[in-house]
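A.B. asks:
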Amino acid sequence: MLRIVLWRLAFAVPLLLAVTAAMFALAANSPFDPVRQYLGDRAMVTSPEVVARIRAEWGLDRPLLEQYATWLGNLSSGQLGESHSFNRPVLDVILERLPWTLLATGCAIVLMLAGSLVVGTLAAWRKGSALDRIITGGALANESAPVFWLALAAIYVFAVTLRWLPAGGLTDAGSTTLDPLDVAAHMVLPVTVLAISQSSWLVLYVRESVIATLREDFVLGARSRGLRERTVVVRHALRAALLPFLTLLGARVPELVTGAILVETVFSWPGVASATVQAALSVDFPLLAVLTLLGTLAVVAGNLLADLAYRIADPRTAS
Amino acid sequence: MRTAAFVLVALGLAVLLVPPIFQLDQQLVDLRAAGLPPSPAHPLGTDEVGRDVLLRCVYGLRVSFLVGLVAALVSMVIGGTLGLAAGSAGGLVDRLLMRVVDGFSSLPHLLLGIFIVAMFAPSPVAVVVSVGITHWTSAARIVRSEVLSLRGRPFVEAAISGGASRSRVIYRHLLPHLVPHLLLAMVLMVPHAIWHETALSFLGLGLPPHLASLGNMINDGQRSLLAGNWWSSLAPGLFILAPTLAVSVLSQRWRDRLNPRMRSELAL
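Same order as they appear, the protein sequences are chains P and H.
The numbering of the first sequence is my numbering, which starts it at 5 and goes up by one.
The numbering of the second sequence is my numbering, which starts it at 46 and goes up by one.
#1: Which runs of the beta strand (DSSP E), 3 residues or longer, sit entirely within the segment 227 to 281 of chain P?
#2: Exposed or buried, what is P:A277 when buried is set at 16 or more other beta-carbons lying within 10 Å of its beta-carbon?
#3: At a CB distance below 7 Å, what residues from the segment 269 to 282 of chain H approach chain P? Give them in sequence order.
#4: Could you check which residue in H:A50, H:P85, H:T91 has the C-alpha nearest to that of H:A280?
#5: Quick one: which chain H residues come within Cβ less than 7 Å of P:T251?
#6: Is there a C-beta anywhere in chain P that falls below 7 Å from the one on H:I123?
#7: What ranges does the alpha helix (DSSP H) occupy inside the segment 51 to 112 of chain P, keeping only unbroken runs of at least 4 residues that lie completely in it?
#8: Starting from P:D37 and walking both ways along the alpha helix (DSSP H), at which residues does that stretch end?
#9: To the nearest angstrom, how far is the alpha carbon of H:R96 from that of H:A116?
#10: Quick one: using the 10 Å Cβ neighbour count with 16 as the cut-off for buried, is H:A312 buried or exposed?
#11: Helix, strand or coil for H:S269 per DSSP?
#12: Relative to the alpha-carbon of H:L127, which residue among H:A49, H:P169, H:V146, H:A257 has its alpha-carbon at the smallest distance?
#13: Express the C-alpha separation of P:V287 and P:A60 in angstroms, rounding to a whole number.
#14: With a cut-off of 8 Å on the beta carbons, I'd call P:V97 and P:S81 a contact; round off their distance for me.
#15: Based on the DSSP output, what are the partners of H:T91 in its beta bridges?
#16: Spatial neighbours of P:A128 within its chain, please: C-beta separation below 6 Å, excluding the five flanking residues on both sides.
#17: Using 7 Å as the threshold, is the C-beta distance between P:S120 and P:V237 below it?
#18: Could you spell out where the alpha helix (DSSP H) holding H:I161 opens and where it closes?
#19: Quick one: any contact between the segment 172 to 187 of chain P and the segment 300 to 310 of chain P, if contact means 3 or more CB pairs under 8 Å?
#20: Mind checking if P:P150 is an interface residue toward chain H, Cβ cutoff 7 Å exclusive?
#21: Under a Cβ-count criterion, where at least 16 other Cβ atoms within 10 Å of its own Cβ denotes burial, should P:Q83 be classed as buried or exposed?
#22: Quick check on H:S309: does DSSP put it in helix, strand or coil?
#23: For H:S120, which of H:L100, H:I215, H:V294, H:R186 has the nearest alpha-carbon?
#24: Of all Cβ atoms in chain H, is any one closer than 7 Å to the Cβ of P:I139?
#25: Does P:V39 come within less than 7 Å of chain H when only Cβ atoms are used?
#26: Using a Cβ cut-off of 9 Å, pull out every chain H residue sitting near P:E147, in sequence order please.
#27: Closer than 7 Å, Cβ to any Cβ of chain H: which residues of the segment 292 to 309 of chain P, in chain order?
#28: Straight-line CA distance for H:P88 to P:A163?
#29: On the three-state DSSP scale, how would you describe H:A209?
#30: In angstroms with no decimal places, state the Cα-to-Cα distance between H:Q267 and P:I159.
#31: So which residues on chain P does H:T243 lean against when the C-beta distance must stay under 9 Å?
#32: Determine the chain P residues that contact H:G249 at a beta-carbon separation under 7 Å, and present them in chain order.
#33: Do H:L347 and H:V162 have their C-beta atoms within less than 7 Å of each other?
#34: Taking P:Y160 as the query, report the chain H residues whose CB atoms sit under 7 Å from its CB, ordered along the chain.
#35: Let's see if you can read the secondary structure: which residues bound the alpha helix (DSSP H) around P:V9?
#36: Taking 7 Å as the CB-CB limit, is P:A313 close to chain H?
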């Protein structure tokens with residue numbers, strides 16, 4: 005077990021280094037000048053000497069490799085820099101927004117798992133029926149629909165036409181306190197849209213997997229012992245069908261990050277994923293770089309957790 | 046299956062033929078006709094400055110399709126070259142390249158794309174580069190596994206034992222067998238590339254705002270959504286959904302037909 009963790013981490017270090025190097029190389033070749041950006045309108049009236057002094061102070065006149073090493077050193081010692089789009093330290097922005105992202109995506113994952121297990125098993129159990137065709141067709145259509153389009157459609161139906169739920173944000177515009185009920189109402193649409201947009205492959209996967217296991221001998225055995233149909237499907241077939249699915253779940257973290265970026269943006273959810281877009285729109289390199297690294301870390305952690313869960317769930321792989 | 050093929054052909058014809066035949070100005074601003082709901086004159090309504098949504102959708106699909114096609118081509122060239130190199134070199138080169146492929150494919154594509162586009166001004170080139178750089182890994186995997194299986198075939202062994210140079214083996218014997226696989230992978234990649242372009246444009250980071258791409262249209266339209274104008278943001282989405290769904294239905298059928306296990310089940 006420990007060896008797997010260490011091996012995975014050993015693979016993660018060069019990956020993260022490569023990502024930082026690539027980001028730095030891109031930023032160094034970018035036509036955007038950080039000094040000009042910092043000065044804004046004042047750049048027109050600032051004398052070249054002052055600009056040069058700022059450059060020297062920020063170390064921008066140093067060789068690129070030295071700048072990269074300094075930046076990497078700062079990152080690893082926890083000095084993440086200043087975000088100019090939020091006018092605050094990067095660390096503060098992330099600490100304030102990360103809990104909201106974790107809350108929303110956590111709820112979405114739970115909803116996605118529970119929903120797809122039920123729907124996928126239903127489709128497999130009634131394979132070939134009208135219900136099965138509706139579910140399979142719906143999953144395919146859902147996979148082709150861009151998640152931001154789905155989110156806008158949900159806003160139109162549930163917030164504009166029916167007026168059941170708020171269209172976005174964390175709380176009502178006027179409120180100054182965090183009322184849990186208010187936040188929960190604002191969470192319903194983003195969480196559901198994120199869960200649904202991520203669930204197509206899972207529904208189809210559960211369906212295929214349960215269909216395959218329903219044909220196995222042990223299921224036939226359970227049936228011949230006269231067990232109830234529900235017991236056979238849920239306790240025998242579904243349980244065996246779930247094993248490979250743990251690893252697949254870990255491999256889906258990149259898609260989850262993508263979905264979170266788009267959903268948080270549409271619903272103005274104040275998480276780190278929507279901050280990525282704001283940072284990108286204002287070319288806020290310090291924040292954007294740290295958020296990109298955070299996304300990469302999430303993927304590495306997801307793969308690691310999936311590996312470990314698989315090993316715990318299936319003792320055969322331990323040896 | 047037939048419906049899917051029909052949808053693809055119809056959209057293809059619309060994208061190719063509508064602009065040269067009808068010569069309508071998609072940028073025509075008519076403030077008196079702003080924000081009209083769908084009607085016979087404007088089948089999908091008009092947007093907030095009175096431009097016809099259906100016409101702009103066709104133009105948008107044209108732009109998105111072109112960007113998607115070029116981006117898919119770029120990723121095929123990158124992936125094909127690296128896959129060919131890994132498969133034919135073998136050994137340490139192969140293992141190293143495949144590690145790079147593993148690392149790349151585990152990164153969130155949109156996040157990398159956002160980073161690349163953010164560091165450069167919005168332009169079609171930046172979008173194509175960001176899609177191409179993040180999507181080549183599947184092509185590399187396909188080409189590598191195909192090269193590995195081809196290398197063991199008698200005609201390749203015969204060529205090598207006959208003294209053919211490495212480049213001759215690659216160009217004369219391997220490449221012709223790889224082209225169909227690459228083409229199929231590219232067709233499947235185009236909807237994905239379109240999705241990526243649309244997502245970037247929707248976030249305001251993709252194509253410049255004056256180009257009518259589907260993502261830009263959805264981004265523009267979402268402002269009037271709260272006022273009840275659903276057509277200018279939701280209609281362009283259907284033009285992404287329809288071709289993507291059609292391609293995925295067709296490829297699914299194709300896979301089922303190639304899969305002997307499914308065939309025997311159908312016979313049962």
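For every residue, glycine included, the Cβ atom is placed at its ideal position computed from N, Cα and C.
C.D. replies: According to the structure shown:
#1: none
#2: buried
#3: L270, L271, G273, W275, S278, L279, G282
#4: H:T91
#5: Within 7 Å Cβ-Cβ: nothing; P:T251 doesn't reach chain H, min ~13 Å.
#6: no
#7: 52 to 62, 68 to 80
#8: Here P:D37 belongs to no alpha helix (DSSP H), and DSSP marks it neither H nor E.
#9: 29 Å
#10: At H:A312 the pLDDT is 39, less than 50, meaning the model places this residue with poor confidence and gives no usable figure here.
#11: helix
#12: H:V146
#13: 21 Å
#14: The Cβ separation is near 18 Å, so there is no contact.
#15: H:D97
#16: R211, V214, I215
#17: no
#18: 154 to 164
#19: no
#20: yes
#21: exposed
#22: With a pLDDT of 47 at H:S309, under the threshold of 50, the modelled position of this residue cannot be trusted; read the value that follows with caution. In the structure shown, H:S309 sits in a helix (DSSP, three-state: H, G or I).
#23: H:R186
#24: no
#25: no
#26: T289, L290, S293
#27: L292, T296, G299, T300, V303, N307
#28: 25 Å
#29: coil
#30: 10 Å
#31: P150, F152, W153
#32: L285
#33: No information on residue 347 of chain H is available, as it lies outside the stretch 46 to 313 that chain H covers here.
#34: L270, W275, L279
#35: 6 to 32
#36: no
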